[in-house]
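*Asks:*
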Amino acid sequence: MPQRERSPRPFRVLLVLFLCAGIAALGLLGGGEQRAAEALLGRDPMAGYYPPEMPRYPRVQEVPAGGRGEVAGSRLRMSHFTTADEPDRVADFYARFWRARGLWVRSDVTHRGGTVAAVDGARGRVLQVLISTEPGGAAATLVMPSVGDAPGRGRATAARPLPIALFPRSEQVLDSTTDGRDALARTVLSLNAGTLEQNVAHYRQALRQAGYEEEGAHPSAQQQAALRALDAQTTMLVFRHSKGHEATVTIAALDAQHTRVHLALIGAP
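Per my numbering, the very first residue in the sequence shown carries number 279; after that it's consecutive.
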């Protein structure tokens, strides 16, 4: 059977994986250089930037990524730094800090990187840290913490309706659109009280009803690598539309009552 013609893959795959990691790097597009300059002048650009629930990693030069802002009605703060520490050591630092404060924590981190996140239900916050290693085996780990406030506010201010329905009674944390070189990408981060299995069933049905076909039977090499990095409480669904649109849903069970969903739509109208 001849293979269907496919649009250029590397950019799209990287974009999907980056967006699904939590959108923490959006702020790197603006403001980072100024914050780095402030740090070089001896000022602490992180002073008072994060709430106490987001710890400061020791012995690094951390700078805000674009300052405070709002995306789809939700307050979002982001920062970044590099360290020689391994990804699992970085993730363990944040996980231990959050667990000591009684927060629900999920860590999806391998030697190549991943995401560690916590939900602070009492304050309405999602705390997340994206961790990745430098390509080519360089001895540096890039770390991008972020704090999203007021889950649920984004729904009322979304630019346009989603082509697929979110899980019932989802709290929408973030709704962002990125105009990439090859495709327009839209990412939605949400929380809900369903189980991992219920979410998988819901999004499979919703995507099929929207005309998408699941690619799980024949994942690309990049998708296989991403799937190997996921644990038993995390599932990635990869779908493709006949018009060339792509959809990736990463579903992570944070605990018995919280499930996090990253929905990335690439090339969708």
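Yeah, the Cβ is synthetic: ideal placement off N, Cα and C, and Gly gets one too.
Going straight from the alpha carbon of V517 to that of D398, what length do you get?
*Replies:* Val is not the amino acid found at residue 517; the sequence shown has Phe there. Cα to Cα, the separation comes out at about 31 angstroms.
*Asks:* Please list the terminal residues of the continuous alpha helix (DSSP H) segment that includes E492.
*Replies:* Segment 490-492 is the beta strand (DSSP E) holding E492; no alpha helix (DSSP H) there.
*Asks:* Below 8 angstroms on the Cβ atoms is my guess for L420 versus T465; work out the distance and round it to an integer in Å.
*Replies:* Actually they do not touch by this definition, with Cβ atoms about 19 angstroms apart.
*Asks:* Indicate whether the contact test is met: 3 or more Cβ pairs, each with one atom in the stretch 441-449 and one in the stretch 466-476, closer than 8 angstroms.
*Replies:* yes
*Asks:* Please return the same chain residues whose Cβ sits closer than 8 angstroms to the Cβ of R482, not counting the five positions on each side in sequence.
*Replies:* E492, L515.
*Asks:* Who does G391 pair with in a DSSP beta bridge?
*Replies:* T388, S410
*Asks:* Could you check the C-alpha separation between P365 and T393 for me, to the nearest Å?
*Replies:* 10 angstroms
*Asks:* According to DSSP, simplified to helix, strand and coil, what is E340?
*Replies:* coil
*Asks:* Per DSSP, T512 is paired with what?
*Replies:* A530
*Asks:* Classify L420 as helix, strand or coil using the three-state DSSP reduction.
*Replies:* strand
*Asks:* Can you say whether P329 is buried or exposed, counting buried as having 16 or more other CB atoms within 10 angstroms of its CB?
*Replies:* exposed
*Asks:* What residues in its chain sit with their C-beta under 6 angstroms from that of A395, if we drop five residues either side in the sequence?
*Replies:* R384, Q406
*Asks:* Am I right that S357 and V338 are in contact with their C-beta atoms under 8 angstroms? What's the rounded C-beta distance?
*Replies:* Their Cβ separation, rounded to whole angstroms, is 10 angstroms, which puts S357 and V338 out of contact at 8 angstroms.
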